[in-house]
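Residues 1214 to 1348 (this note's numbering) are what the sequence shown spells out, left to right.
Here a beta-carbon is modelled for each residue, glycine too, at the ideal position from N, C-alpha and C.
What you are looking at is a predicted structure, and each value in this text was computed from that prediction instead of being measured.
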Amino acid sequence: MNKVYLIGNLTRDPELTTTNSGVSVCRFSIAVSRRFASGENGPQADFFNIVVWRGQAENCHKFLKKGSKCAIVGRLQNSSYEAQDGTKRYTTDIVAEEVEFLGTRATDGNDSFPKNDSTDGSAELEPIDDDSLPF
C-alpha cells in the first residue's frame, strides 16, 4: 500500500504548467510541523514536494498561495533524471489524489478564519431552555 496523508502550509506559490499534450500539472511544496520540538531549536518541520494533475491542478493554482494550509491525500513517487553535469539525480514527490483547502495565511501571519474574542479560546454559548429542544 502506498498512501500518504499530510497537513501543512505552502512554502511558495504553486506553479502551473502543462504537458506537451495539454494536461495541467501544478507543483508546490508544503511544510509539515513535527509533533515534538527537538532540543533548543524550537519547532521543526519536514518539507514535501507536491504534484497535482488536471482540473485539481488548476484549482490549486487558482486558490492556494504561499502560507495556505491544505490537506493532501496521495502517494509517494520516486523518479530520477540526469542533471546538466551528467550526474544522476533522484527525487521523491507526493502525487496528490485529493487536496483540501483548509485556510489561507493573511498578510499579518494569522489564519484568515475569524478569531474568537474570548480570552480562553472558547466560544460564548447562550443557555438553551430544555423545552425548546426539538427532541
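Pull up the DSSP beta-bridge partners for residue i, would you.
i     : result
G1287 : V1217, A1309
L1315 : Paired residue(s): none; L1315 is not in a bridge.
F1261 : I1243
E1295 : K1301
S1237 : T1231
From the DSSP output, in three-state form, read off residue i for me.
i     : result
R1267 : helix
G1322 : Since pLDDT at G1322 reaches only 47, below the 50 mark, its modelled position is unreliable, and no value is offered.
K1301 : strand
D1342 : coil
K1177 : The chain is shown from 1214 up to 1348; residue 1177 falls before or after that span and cannot be answered.
N1272 : helix
N1222 : strand
Closer than 6 Å by C-beta to residue i: which residues in its own chain qualify, once you throw out the five before and the five after it? Chain order, please.
i     : result
S1292 : T1304
T1230 : V1238
E1311 : V1286
K1278 : D1226
Under the criterion of a Cβ to heavy atom distance below 7 Å, does residue i qualify as lining the ligand ATP?
i     : result
K1275 : This structure lacks the ligand ATP, and indeed carries no ligand of any kind.
Assuming contact is defined by CB atoms lying nearer than 8 Å, are residue i and residue j in contact in what I supplied?
i     : j     : result
V1308 : A1270 : no
P1256 : S1246 : yes
F1362 : C1283 : The question about residue 1362 has no answer, for the chain in this structure spans 1214 to 1348.
R1288 : K1216 : yes
L1223 : S1281 : yes
H1274 : P1227 : yes
Is the shortest distance between the beta-carbon of residue i and the beta-carbons of chain C less than 8 Å?
i     : result
L1223 : Looking for chain C here will not work: only one protein chain is present.
Spatial neighbours of residue i within its chain, please: C-beta separation below 8 Å, excluding the five flanking residues on both sides.
i     : result
A1258 : G1221, A1244, V1245, S1246, R1247
If residue i sits next to residue j, beta carbons under 8 Å apart, how far is it from one beta carbon to the other, in whole angstroms?
i     : j     : result
N1262 : D1306 : 5 Å
Near residue i, what residues of its chain come up, given a Cβ to Cβ distance below 7 Å and the 5 sequence neighbours on each side ignored?
i     : result
M1214 : none
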